[in-house]
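From first to last, the protein sequence lines are chains D, R and C.
Take 883 as the starting number for the first sequence in our numbering and just add one per residue.
Take 3 as the starting number for the second sequence in our numbering and just add one per residue.
Take 45 as the starting number for the third sequence in our numbering and just add one per residue.
C-beta atoms are modelled at their ideal positions from N, C-alpha and C, and glycine is treated no differently.
Every value quoted in this text rests on a predicted model; they were computed, and no experiment measured them.
Reading through the structure tokens given below for one structure.
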Amino acid sequence: MRSPIRLERRLEQPKWLNWAVPLISLVVALVLGAIVLWLTGKNPIDVYQRIFERGFAGKKAFSGALEMATPLAFTGLCAAVAFRMGLINIGGEGQFYVGAIGAAWVGIAIGSAPTGITIALMCLAGMVFGSIYAAIVGLLRAKFNTNEIITSLMMNYLAGILLNYLIFNSTSYWRNPDSPQFPKSKDIAARADWNTYKIFGVEMPIAFLISMLAGVALWFLYKRTRFGFEVSVIADSPKAARYAGIRTSSTIVIVLALSGALAGLGGAADVGNFRGLLDAKGLQMAGYGYTGIVVAALARRNPITTIFVAIFIGGLTKAGYSLQGPDFPSGLVGTLQGLILFTAVAGEILIKYRLRTNVSRAAAVAA
Amino acid sequence: MSQSAVRMTGIVKRFPGVVANDGVDLEIRAGEVHALLGENGAGKSTLSNILTGLYRPDEGTVEVDGEQRVFSSPRDALEAGIGMVHQHFRLVATFTVAENVVLGESGGSLFMNQDEVATRVRELSDRYGLAVDPSARIWQLSVGEQQRVEILKVLYRGAKVLILDEPTAVLTPIEARSLFATLRAMADEGRSVIFISHKLGEVMSVSDRVTVLRGGRTVGTVNTSETSTRGLASMMVGRSVEFERVVRDNPADTSVTVLRVDEISANDDRGRASLHDISLTVGKGEIVGVAGVAGNGQRELAEVISGMRASTSGRISVGDELVKSGKARSAIARGIAHVPEDRLHTGLAASHSVEDNLALKNYRTSTISKFRLLKRRAIREQATALVERYDVKTPNTTTPVRLLSGGNVQKVLLAREFSALPKVLIAASPTRGLDVGAIEAVRERLVAAANEGVGVLLISEDLDEIMSLADRILVMYEGRILDDVPAEGADRERIGLTMGGSNVQEVAK
Amino acid sequence: MNSNIFVIIISSAIFYGTPLFYAALGGILTERSGVLNLGVEGTMLIGGVSGAWACLHIGGSAWFTVTMSILVGALAGGLVSTLLAFLCITLKTNQTVAGLAITIFAGAVGLSSYFANIWKVAKTPVPRPIRTMDVFGLADTPVLGPILFRQTSLTYVSWLLAIVATVYLFRTRVGLQLRAVGESPQTADAMGISVIRYRYIHTILGGALAGIGGVFYSLAIVPTWVDGMTKGAGWIAIALVIFGFWRPSLTLLGAYLFGALQSLSSTLKARGVDISGDILDALPFIMTIVVLVLVSSRFAHRRLGAPAALGVPYEREER
């Protein structure tokens, strides 16, 4: 049996492919999504038009996109940072929760303090909590060679259980004693300090600015520092890294901790900038961590591109939420995101290989 | 005798960026041992992969028993009676010999009858002198035994044409001799044997006829009885080549020991002991050759000395400084350079650029980085200078090394290792897979380094290489050093025997 | 007698372990061919929602409806994993990322939820759930009755499958060739075995079994479709394959162990035992991590029987 498609390894990878392929992937995903919609009796053009209007058209819609993009930028960076070393951290979800728990703790505890300090302390707490949580995965990987994919995923479920326990099933420090009927967390007094700036009529949350800074910092880290060089050598060939005296094990732990810190920072932003409390149900419904993987894959692990892709996926997700109803079923946006991930993954192949068909070759031989 | 079993005409096979076969003709008769001779990269393996249906030729025809055939898979070729013994064995390590032999057999019952298979395997092995236990698992067997399983597999399927790709590369001289007897027995029964090699001596002793390939083309086919080693060599490389013992400008100074290995033991990747109390020294400017059949601990030895593998006991020192066990950084800092066997994926980061690879070991130094930030300009300047000095052919310094030819890959590696001004150099199979020009260049570099006082530990499976370069020869077998002799006037026969584990404990020393 | 708490724990361990076993058995077949399917969770959900849909729409006798629902679930699971097979085998994409893509695409907030919405199966109890049956009238036998004779039809089929799969893998020629493909595709290819065909067939077969596991959730455990109802079972199944050393028999035992952990909190709560449900809920996930750590050193992995070529795309004309 010979498959009709053949892949031929490219010797050179032309630069233009780096941006053309993700764009093509996106278009293909939208076309596939249209087919799914059409098959299930929806009008794809109508659906896409509404997604565009709600997600991107106009200042209000774009403000919504940026708000939704903020957590996705952080989880996208979280996934991208690990991907760069060939590690697959799908624990961004759990690290996000744990970061939120840490930031909420600090937010509740400090009450009121000068603006900059509350934000800094909450961010720090989110990062520390997220990075410790992720470092566990890294330690297991470095020490016992335990597959980081499954452990990080299991820790997502554990973090979810922890959230439920803190808010619903205990009288923890986080839980608001004034609301016994409807369990929720205490309010974060410091939330007022998390500003939103208006730029050309578009509302830009301060957390989004932080994510942009983080993106640039990561780009610098990977391009210009010794650490970045070491990470890229490990990703290319772990043996070469060992040969060159690069400390692989500790680098794995550091990269995962950094990855977790970014997700945790997202959790802090969620608590401070957006919800103003530790929303156990809402966090688990949102699935920011998983969507972040889609963002990082489409951005081809580039931290700066990640921010832009986050805006796009953010708008899509926002539109999905606000349109949800009988004629805009839930699950649609998730399906589209899944398709984007598929085509982004398949697109990676187009960058590495040239696609050839065997059919045309067989015809040539016959002729 | 003149009946042709296989005739390949005008075979062309292109790979991205290379034409591996460019109009090759090959004709094999029934009942002959036919050698296919050529340098690495001459197109021998590609040609045999086409004949066994693994690759499809872009042009040309294949005839078997006078009938034109197109093989679209190895199954087709096997059914036409063509079987191959690959250089890298195609065996499932966790399966038994019998399971490996019946694998892929079409038809037959749904369930396997291990006993029946075992009986048939035993019959075949008796007939051809290929002793092996059918119920043993592959990973328990020695390399020589594994090769017998490969041959049995092909015979079991009733192959009339057997192709053996560099079969002696993994054998001791004695094992090789017994293989030759088996090949002869098969040819006498009317089967055809295609023997792929680049070793002239073997080709002369085993084959009836020889076809020589060079640069993807057929140079010609000659009767072995009408040619000579010298004649074949000049056909193979297009000029006469002879490797003679190198005369050193600046002889070794063994009164100064640069590398001392003291009773080192270490485990292999599976956690089994693979080095047993190895001790050796390398003097200043001395080239010490380590001879042995692959897989007798040479790789582990190189890795332990260069800090890539932790030792379980013993000490390594350069001059009077200890090297920390399992710490490559310590080995690099003490001045140990290492040219590993797997150049592209261990010695280099294949997808990284030439300039990054040239900085792979010194990126931590202050010339290349400051405050943990890389100085990109310094990296580029270093690369430009080294590319020039070591004559690396590359489009520019940002080209990924995996796009370079084998010879240039090795030059990048050598440039980095030599430019670090090491005290000790560990070179593992430094010329393997290179063409003649590149081999000569690498050998000159090694000798030049020794002339400058570097102690060189040359690990190679190519005994000729060791005999021509080394000052002293150690023979390794099963993780031990069995022999230690000066290379000048060394007895080839004795070294060959020792490589196979023959007891020569009472060596003069 | 029958209400002895250990009997209840064991019988519900088997009940809750059944879908885990189906998914894990599928994983064994897929991984034995050298393909790592991390899309099990999504595949199970698609199987579950399709089975629920079939149960709501296919009439006939109870037996017929249930059988058809199971088959529809298997078919849906098979289709989803065909997509994975195409990505991993033909396009040679990174298998972990491709599997993850399947789970995000088909998962709790993806296609399975979309289907549930447009087919309107969400929160509608299925009319013909898979029930436990009374085998030979022995269901009320003390101790052994609830454990052995009061299970669902799918449980009994799974016992049969465990035996069939063991014989298939270790006693037949096709099984030998399958294992060769997973251990050393180069060898298999050189011996004329079609690596691509074996990998496609077993990836799809594995997906179909995961689909059946999903149907067990929507037709037997709840039995109503709820978005994301497998709650990580697919991931536990992946760990179970490792835990069972890629052998059906050991995996069956592992599935029941995890089934016990999953059912423990509801069983104990129903019995009035006062224990924090959260800790019990966390147990399967903690156990999975512990198990992975125990078996994941590089040596252990090979010695326990991980297919050597697991997760490595096969490329013939490598140069």
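- Look at the segment 91-104 of chain R: the residues with a C-beta under 9 Å from a C-beta of chain C are F91, R92, L93, V94, A95, T96, F97, E101, N102, V104.
- Judged by DSSP in its simplified three-state form, W898 (chain D) adopts coil rather than helix or strand.
- A distance of 8 Å or more separates the beta carbons of G1097 (chain D) and L908 (chain D).
- Assignment of G998 (chain D) by DSSP, reduced to helix, strand and coil, places it in the helix class.
- In the three-state DSSP reduction, R891 (chain D) falls in the strand class (E or B).
- Taking a cut-off of 8 Å for Cβ pairs, the segment 1020-1035 of chain D and the segment 988-1005 of chain D do not touch, as fewer than three such pairs fall below it.
- At a beta-carbon threshold of 8 Å, the residues of chain C lying near L112 (chain R) are T216, R217, V218, ordered along the chain.
- Interface annotation, A1122 (chain D): in contact with chain R, CB-CB separation under 8 Å.
- Proximity of A150 (chain C) to chain D, defined by a Cβ-Cβ separation below 8 Å, is satisfied.
- Listed along chain D, the residues sitting closer than 9 Å to I334 (chain R) by beta-carbon distance are A1126, G1127.
- The C-alpha of G974 (chain D) is placed about 34 Å away from the C-alpha of W920 (chain D).
- Counting of Cβ neighbours within 10 angstroms places K1163 (chain D) among the exposed residues, the total staying below 16.
- For a cut-off of 8 Å, the C-beta gap from I140 (chain R) to D167 (chain R) is around 18 Å, too long to register as a contact.
- CA-CA distance, Y158 (chain R) to G45 (chain R), rounds to 28 Å.
- Cα atoms of G250 (chain C) and G122 (chain C): separation of roughly 7 Å, rounded to the nearest angstrom.
- Near chain D, meaning a CB-to-CB distance below 7 Å, the residues of the segment 371-402 of chain R are S371, R374, L375, L376.
- In this structure, N23 (chain R) sits away from T54 (chain R), with a CB-CB distance that is not shorter than 8 Å.
- The closest CA to that of Y1170 (chain D), considering only D:L1100, D:G1042, D:P1059, is found on D:G1042.
- For P76 (chain R), the enclosing alpha helix (DSSP H) stretches over residues 76-81.
- Between L460 (chain R) and L471 (chain R), the gap from beta carbon to beta carbon is short of 8 Å.
- Shown in chain order are the members of the segment 274-286 of chain C whose Cβ falls below 8 Å from a Cβ of chain D: K275, G276, W279, I282, A283.
- Runs of the beta strand (DSSP E) lying entirely within the segment 1032-1090 of chain D, each at least 3 residues long, are 1078-1081, 1084-1087 in chain order.
- Sequence-ordered contacts of the segment 424-436 of chain R with chain D are nonexistent [C-beta pairs closer than 7 Å].
- In its chain, beyond the 5 residues on either side, P1185, I1186 have a beta carbon closer than 6 Å to the beta carbon of W1101 (chain D).
- Counting along the chain, F214 (chain C) sits inside the alpha helix (DSSP H) bounded by residues 197-215.
- For A1017 (chain D), the CB contacts under 7 Å within the same chain, skipping 5 residues up- and downstream, are V1135, L1138, A1139, G1142 in chain order.
- Across the structure, T957 (chain D) and D78 (chain R) are spaced so that their CA atoms are roughly 52 Å apart.
- Pairing T226 (chain R) with V208 (chain R), the inter-Cα distance amounts to about 9 Å.
- A Cβ-Cβ separation of about 5 Å places I248 (chain C) in contact with T126 (chain C) under the 8 Å criterion.
- For L460 (chain R), DSSP records a beta bridge to R:G291, R:A429.
- Judged by DSSP in its simplified three-state form, K372 (chain R) adopts strand.
- Bridge partners of D27 (chain R) according to DSSP: none are assigned.
- The beta carbon of I1189 (chain D) does not come within 8 Å of any beta carbon belonging to chain C, so the residue lies off that interface.
- When CB distances to chain D are screened at a threshold of 9 Å, the residues of the segment 317-332 of chain R falling below it are K329, A330, R331, S332, in chain order.
- L415 (chain R) counts as buried, since at least 16 other C-beta atoms from the protein chains shown sit within 10 angstroms of its C-beta.
- For the beta strand (DSSP E) assignment, the uninterrupted runs of no fewer than 3 residues enclosed by the segment 202-229 of chain R are, from N- to C-terminal side, 211-216, 219-225.
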